[in-house]
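Here the protein sequences come in this chain order: L and P.
The numbering of the first sequence is this note's numbering, which starts it at 1 and goes up by one.
The numbering of the second sequence is this note's numbering, which starts it at 321 and goes up by one.
Where is the CB? At the ideal position from N, CA and C, for every residue including glycine.
Note that the structure is predicted; figures quoted are calculated from it, not measured.
There are 2 protein chains.
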Amino acid sequence: MKALVFEGRDLHLQDVPIPTPGRHEALIRVLYAGICNTDIEILKGYMNFQGIIGHEFVGVVEKCPYPDLVGKTVVGEINISCGKCEFCLKGMKNHCPNRSVLGIKDKNGAMAEYVTLPIANLHVLPPKISHLEGVFVEPLAAACEILEQIDIQPEYRVLLVGDGKLAQLIAQVLRHHTQNLTVVGKHRNKLKLMEEHGIRTVLLENLDFPPKYFHMVVEATGNPSGLDIALQYIRPRGFLVLKSTYYGEHPFNPAQIVIDELNVIGSRCGPFPRAISLLEHREVMVESLISGIFPLEQWKLAFQKAQAPNALKIILQISE
Amino acid sequence: MKALVFEGRDLHLQDVPIPTPGRHEALIRVLYAGICNTDIEILKGYMNFQGIIGHEFVGVVEKCPYPDLVGKTVVGEINISCGKCEFCLKGMKNHCPNRSVLGIKDKNGAMAEYVTLPIANLHVLPPKISHLEGVFVEPLAAACEILEQIDIQPEYRVLLVGDGKLAQLIAQVLRHHTQNLTVVGKHRNKLKLMEEHGIRTVLLENLDFPPKYFHMVVEATGNPSGLDIALQYIRPRGFLVLKSTYYGEHPFNPAQIVIDELNVIGSRCGPFPRAISLLEHREVMVESLISGIFPLEQWKLAFQKAQAPNALKIILQISE
């Protein structure tokens, strides 16, 4: 089968064997795979990953020990946990220390004609959600994770820093939970998409709130500059949610965290059922976030586009 | 009066006018002042402070609008807040944006023969607490702040990184709230002091817990290296309490905070009444933490000693 393989240096489209599913796994024919910022960071060295990349996908189950699942359109959770450790037994399977992560850590990903995943990781995509929309379930679940971590109070002033792919989803999730959301970003076209959902936005160059104004700040720019903005506007004892992962170290002084007694909360993967429900009930709209759909063969162009400043989600079409 | 003044470059013992207390302030004759790590950092440029340094003190009220307080031995909270802003009205006066901070920000400190403070900041030292012990109320309150922020569960494994002045107090506070405390430090003599209270300690070079073993890690080394150790041993979704403030920036990548969904909690000043109660009831013992007492005139030697690797609290005796 064809697969996009990262060898530690470059990305190549290669012919590799179709993977053999394990005893509790399904073999899935991939329809679409989304390019995530994490994929871009992996190409820079993030996580030292080598193998087939890609972790946002929609596919059709081809082989599976449960016959009911065969032929179903599915999305898949990306953490493959051991099921036996302290974390798995306490319902924290996304933090299993023995886990592999689809296309990110010790597990071939979904930018390939076929992928395998444990059946426990699969969620059937309801018919109301299109295949293209389904590509957004994984990042939308990550956006929803914030709601699992913070009980947003009505009086909270909330600032979202970032207007990219993930920030768009976070904005649409948060707007259902606060009247006081402001999004700051660098791209007029991206902010405009948020405004269509009634979300208040401001260009970074026009940002003029008083310092330390917001009870809650979500950093989702995908790069280190977002943290500086977040720290400028977070209020003492406020909640600073970090969603960005990137490669490399950056200068930082934790004194403000101490002085202002900030709560800095890392936030990663989230609940798929909640994300699926939001898409199904049209509470989050994703079609306008698609900046391009490319066949797998045009992966080079697709990755170029994905890194363009004005681009949002780029999707690889892998089979029909 | 004699006062230790930092001019932005060097520290000098100078003759300056005795301060005039404001309408709601007391004039306090300082008996003892402790040297804190923050004082050392101020000399490096931390907070860009200029003026009389010192924020840990015991003194006697000389002048005060409330006659009952005159002649009383007192300690003082260091944040001088406006009493009118959103934070003050919500009981977060230590985070008042208009505040000054004794010997740290816009307010002359206590390494002087006299100091002024608002009456609302003063706490009378109970007779069971000696003057020297009273010097520890301010840093002990800071240690107690952790208990206000985190509800330590019985199953939590707790690691304290650091064996210095503040770490000693934190260890003695935490041991009343968990059976599972381990302290890691670099100094045999300092760890030994903790062991006398039944606290389990380990030299950094012998630290061999599995990575990510602890539910809660308190970083109190006073320098950037402590953060690396803390991040190595904090468990996913664990509580990482930061107590250290220091000058300058250091390379850091927040990816682990995101991936492991850590809760990073800054912790600064704490409740004086709780600290006073702990000292009064001998639940925290501080006499063995005093490494030297110097008259104000010997401030140079005192500051040298305070920076020696094996030293703990150095106290300046200012009047009798």
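- For P:S608, the closest alpha carbon among the candidates P:E515, P:N368, P:N526 and P:H535 is that of P:E515.
- Setting aside the 5 residues that flank it on each side, P:I466 is surrounded in the same chain by V561 and S587, each with a C-beta closer than 6 angstroms to its C-beta; the list follows chain order.
- Counting the other CB atoms within 10 Å of its CB gives L:A220 a total of 16 or more, which places it among the buried residues.
- The alpha-carbon separation between L:P211 and P:C384 amounts to approximately 36 angstroms.
- With a beta-carbon spacing of about 7 angstroms, L:V5 and L:V16 fall inside the 8 angstroms limit used to define contacts.
- Around L:L159, the same chain offers T182, F214, V217 and Y233 as residues with beta carbons nearer than 6 angstroms, after the five sequence neighbours per side are excluded.
- Taking the Cα positions, L:R200 is about 16 angstroms away from L:E155.
- In the three-state reduction of the DSSP assignment, L:M111 falls in the coil class, being assigned neither a helical nor a strand state.
- Judged by DSSP secondary structure, P:P556 falls outside any alpha helix (DSSP H) and instead within the beta strand (DSSP E) spanning I554 to L562.
- If you look at L:G34, you'll find it isn't in any alpha helix (DSSP H); it sits in the beta strand (DSSP E) that goes E25 to G34.
- One alpha carbon belongs to L:L89, the other to P:A626, and they sit about 48 angstroms apart.
- Against chain P, a Cβ distance below 7 angstroms from L:S267 picks out V578 and E581.
- Taking P:L523 as the centre and dropping the five residues before and after it, the same chain places the C-beta of V504, G505, K506, R508 and L511 closer than 8 angstroms to its C-beta, in chain order.
- P:I549 sits in a helix when the DSSP states are folded into three classes.
- Look at L:L102 here: in three-state DSSP terms it is coil, with no helix or strand label.
- With respect to the 8 angstroms criterion, L:V74 and L:L122 are classified as neighbours on the basis of their beta carbons.
- Neighbours of L:R157 across chain P, judged by C-beta separation under 9 angstroms, do not exist; the nearest C-beta is about 11 angstroms away.
- For P:D580, the closest of L:G270, L:Q256 and L:V258 by C-alpha to C-alpha distance is L:G270.
- For the 8 angstroms CB-CB criterion, L:I53 and L:Y114 do not form a contact.
- The three-state secondary structure of L:G76, taken from DSSP, is strand.
- The continuous beta strand (DSSP E) containing L:L316 extends over residues K313 to Q317.
- Collapsing the DSSP output to three states places P:V604 in coil.
- Contact of P:A353 with chain L is not assigned, every C-beta pair being separated by 8 angstroms or more.
- Contact check for P:H375 against P:L422 passes: the beta carbons are separated by less than 8 angstroms.
- L:N189 is bridged by DSSP to nothing; it lacks a bridge partner.
- Of all residues in the region 411 to 424 of chain P, only M412, H415 and P417 place a beta-carbon less than 7 angstroms from a beta-carbon of chain L.
- Looking at the backbone, the Cα of L:G8 and that of L:P251 are separated by about 26 angstroms.
- Distances from the CA of P:H517 to each of P:P556, P:A575, P:I449 and P:V604 were compared; the closest alpha carbon is that of P:V604.
- Taken through DSSP and simplified to helix, strand or coil, P:L527 comes out as coil.
- Chain order gives the chain L residues near P:Y566 as N253 and A255, where near means a beta carbon separation below 8 angstroms.
- Around the CB of L:T38, 16 or more other CB atoms lie within 10 Å, so the residue is classed as buried.
- Shown here, L:F49 sits in coil according to DSSP, grouped into three states, outside any helix or strand.
- Residues of the region 534 to 560 of chain P that bring their beta carbon within less than 9 angstroms of a beta carbon in chain L comprise E539, P544, L547, R555, P556, R557 and L560, in sequence order.
- When 8 angstroms is used as the limit between beta carbons, L:L242 is near these residues of chain P: P574, I577 and V578, in chain order.
- Rounded to the nearest whole angstrom, the C-alpha separation of P:S611 and P:K485 is 10 angstroms.
- Chain L has no Cβ within less than 8 angstroms of the Cβ of P:F592.
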